[in-house]
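So the sequence shown is residues 287 to 749, counted in this note's numbering.
One structure is given below, encoded as structure tokens.
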Amino acid sequence: MTLIKSISGIRGTIGGRPADNLTPIDVVKFTTAYARLIKDKNRGRRITIVVGRDARISGSMVDSLVEGTLLGCGADVINVGLCTTPGTEMAVITHKADGGIIITASHNPRQWNALKLLDERGEFLSDAEGKQVLALAEEVDYDYPTIDHIGKVILREDFNRKHIEQVLALDLVDVEAVRRRRFKVVVDAVNSVGGVVIPALLEELGCEVVRLNCDPTGEFAHNPEPLPENLTEISEVIRKEGADLGIVVDPDVDRLAFVMESGEMFVEEYTLVAVADYVLRHRKGNTVSNLSSSRALSDITARYEGCSYSAAAVGEVNVVKKMKETGAVIGGEGNGGVIFPELHYGRDALVGVALFLTYFAGLNVTMSELRASYPAYYASKNKIELRPEIDVDNILATIKSRYSGERVNDIDGVKIDFAECWVHLRKSNTEPIIRIYTEAKTMAEADALAKRFISEIEQLYKA
Ligand code: MG
């Protein structure tokens with residue numbers, strides 16, 4: 287029973303009372319607010335909005351509401367139906383639309399859905415525009431267009447095939463080289479749209495595909511977040527099938543994790559590290575990830591002369607902004623989100639797969655050997671639940687001044703980089719908690735560092 291409104295869209299559970307959940311009324315309200323924003327940006331002309339959805343059970347219900355509302359607001363619609371987040375973004379770019387709405391709650395369980403709002407570049411709305419949508423959604427007296435001014439559906443198409451072609455056409459994707467290797471790949475797409483798109487991409491790349499949870503029914507076979515604890519089944523199948531690797535994506539296919547031939551996780555933090563290692567071999571330039579991502583990306587970047595790494599605040603929109611500022615050639619998030627600007631500024635698992643397999647095809651190693659060639663870091667992710675009256679900002683400010691002799695970054699919470707490890711403390715925007723992420727050379731050290739900061743914070747608010 288939750289509705290979370292944020293600048294990146296609204297997310298909530300299906301059913302229940304309006305304003306407490308993602309009900310039809312909330313969908314109509316936010317879609318109207320979004321249409322008004324885009325219309326205001328394009329005064330005097332008709333606007334076109336792309337709509338796509340993942341395979342969630344509520345997807346077609348929400349899709350109908352979104353499409354109908356856009357038409358009622360006077361916007362024309364290109365509906366790409368069952369489509370990934372990166373595919374819908376590419377459809378906005380390809381059709382030169384004025385914006386897009388992706389209906390997906392990403393890695394959240396089956397009862398959730400959400401609207402992700404895109405601008406005319408197929409990128410997430412800026413902070414300022416997101417706030418405008420939230421404000422417009424509170425206004426109830428909007429004057430909807432009359433009969434001669436309602437929108438129409440100008441196209442219904444499956445965009446997934448086009449997206450695959452766009453990925454395969456990239457300079458750094460060598461289709462023939464991958465085909466020659468005839469990789470055997472197990473795919474777990476948690477019964478969402480990735481179950482259609484990833485096997486199709488792999489078959490174009492000449493791979494033998496073993497499908498696991500690839501029916502896009504929206505009945506998620508396990509918790510859809512691609513974390514090791516949710517991925518036990520694929521490990522067994524990889525070993526049994528003698529596969530070269532496994533590929534796991536989340537329900538809207540913007541996060542990508544690999545599994546090694548041993549059945550062990552390559553670890554999703556290393557998806558971006560490996561892809562960046564490949565891209566930097568061919569493109570001299572910078573890299574970006576968020577503050578909570580592994581230091582391994584910074585280490586790998588330093589192996590290439592003239593290339594440097596920058597950290598952004600958490601959130602795709604912040605990573606993209608930093609990538610543009612620094613002219614990054616590759617970037618993303620440690621949660622398996624690969625952003626390759628030569629195609630578009632959005633996390634894209636298809637791009638990640640194609641670049642990675644091109645790289646892997648050119649190496650004569652196993653996944654385990656490749657992983658062993660990267661600096662080993664271990665992350666520990668913890669949180670402290672606080673009473674609402676506790677002043678979190680004050681706690682973070684105290685920690686920051688206490689460690690002012692270290693390398694401290696405060697663009698998003700407090701990140702302290704020590705010589706051999708780091709800690710990142712962030713306040714949640716929606717709950718009274720502090721997230722404590724640590725990374726070190728061993729799991730025991732990462733856990734110990736987290737423990738140390740948890741007790742420091744506890745002492746501060748108990749004092
Ligand atoms: Mg996602």
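For each residue, glycine too, the CB sits at the ideal point set by N, CA and C.
Computed from a predicted model, the values in this text were never measured in an experiment.
Any non-hydrogen atom of the ligand MG closer than 7 Å to residue i Cβ
i	result
R569	no
L374	The question names Leu, but residue 374 in the sequence shown is Thr. Incorrect: T374 has no Cβ contact closer than 7 Å to the ligand MG.
D538	yes
S392	yes
T318	no
T371	yes
R541	yes
Whole-number beta carbon distance between residue j and residue i, since they are thought to touch under 8 Å
i	j	result
G481	S521	With a Cβ gap of about 18 Å, G481 and S521 do not count as contacting.
V459	T334	At roughly 29 Å, the Cβ-Cβ gap does not stay under 8 Å, so V459 and T334 are not in contact.
T317	I387	7 Å
H630	I379	6 Å
I271	V561	The requested residue 271 does not occur in the structure, where the chain is confined to residues 287 to 749.
G613	L558	Contact flag wrong, Cβ pair sits at about 18 Å.
V471	I533	6 Å
L456	E628	6 Å
D536	P510	6 Å
T370	V479	5 Å
N516	R442	Wrong, their Cβ atoms sit about 34 Å apart, outside the cutoff.
E742	A732	Not confirmed; about 16 Å, so no contact.
L542	G638	4 Å
Y430	G385	The Cβ separation is near 18 Å, so there is no contact.
R657	F552	6 Å
A736	S666	5 Å
D540	R633	4 Å
N572	S594	5 Å
I440	L636	Actually they do not touch by this definition, with Cβ atoms about 25 Å apart.
D362	R332	6 Å
Y564	L641	6 Å
Contacting residues, own chain, Cβ-Cβ under 6 Å from residue i (five flanking each side not counted)
i	result
L411	L403, D405
Y689	I702
R339	G345, D349, I389
Y590	L566
V700	L682, I685, K686, L711
Terminal residues of the beta strand (DSSP E) in which residue i lies
i	result
D474	470–474
S232	In the structure as shown, the chain begins at 287 and stops at 749. Residue 232 is therefore absent and cannot be evaluated.
I616	614–619
E725	719–726
S596	595–598
K701	700–703
H710	708–713
V624	623–625
Same chain, Cβ closer than 8 Å to residue i, neighbours up to 5 away in sequence not counted
i	result
V280	A query on residue 280 cannot be resolved here, the shown segment of the chain reaching from 287 to 749 and no further.
P718	E671, L672, R673, P674, I676, V678
K727	A662, Y663, Y664, E706, C707
S659	V651
K417	I293
A647	D460, A463, V464, R466, R467, F469
Close-in-space but distant-in-sequence residues of the same chain around residue i (CB under 7 Å, 5 per side omitted)
i	result
T503	A341, N477
A423	K315, F316, A319
P661	A582, D585
V523	V472, V496, L498
S578	V600, G620, H710, Y723
F704	E692
G618	L558, S575, V605, V624, I625, R633
E489	V495
Residue span of the alpha helix (DSSP H) that contains residue i, given as start and end
i	result
S578	First-last for S578: undefined, no H or E at that position.
N695	From DSSP, N695 is part of no alpha helix (DSSP H) but of the beta strand (DSSP E) over 693–695.
L746	729–748
Alpha helix (DSSP H) segments (min. 4 residues) lying fully within the stretch 638–683: 653–658
If we require 3 or more residues per run, which beta strand (DSSP E) segments fall completely within the stretch 362–420? 362–368, 385–389, 398–404
Tell me the start and end of each unbroken alpha helix (DSSP H) in the stretch 511–566 that is at least 4 residues and wholly inside, in chain order. 518–527
Complete alpha helix (DSSP H) runs within the stretch 288–348 (minimum length 4 residues, chain order): 310–327
Which residue spans inside the stretch 440–515 form an unbroken beta strand (DSSP E) run of at least 3? 470–474, 494–498
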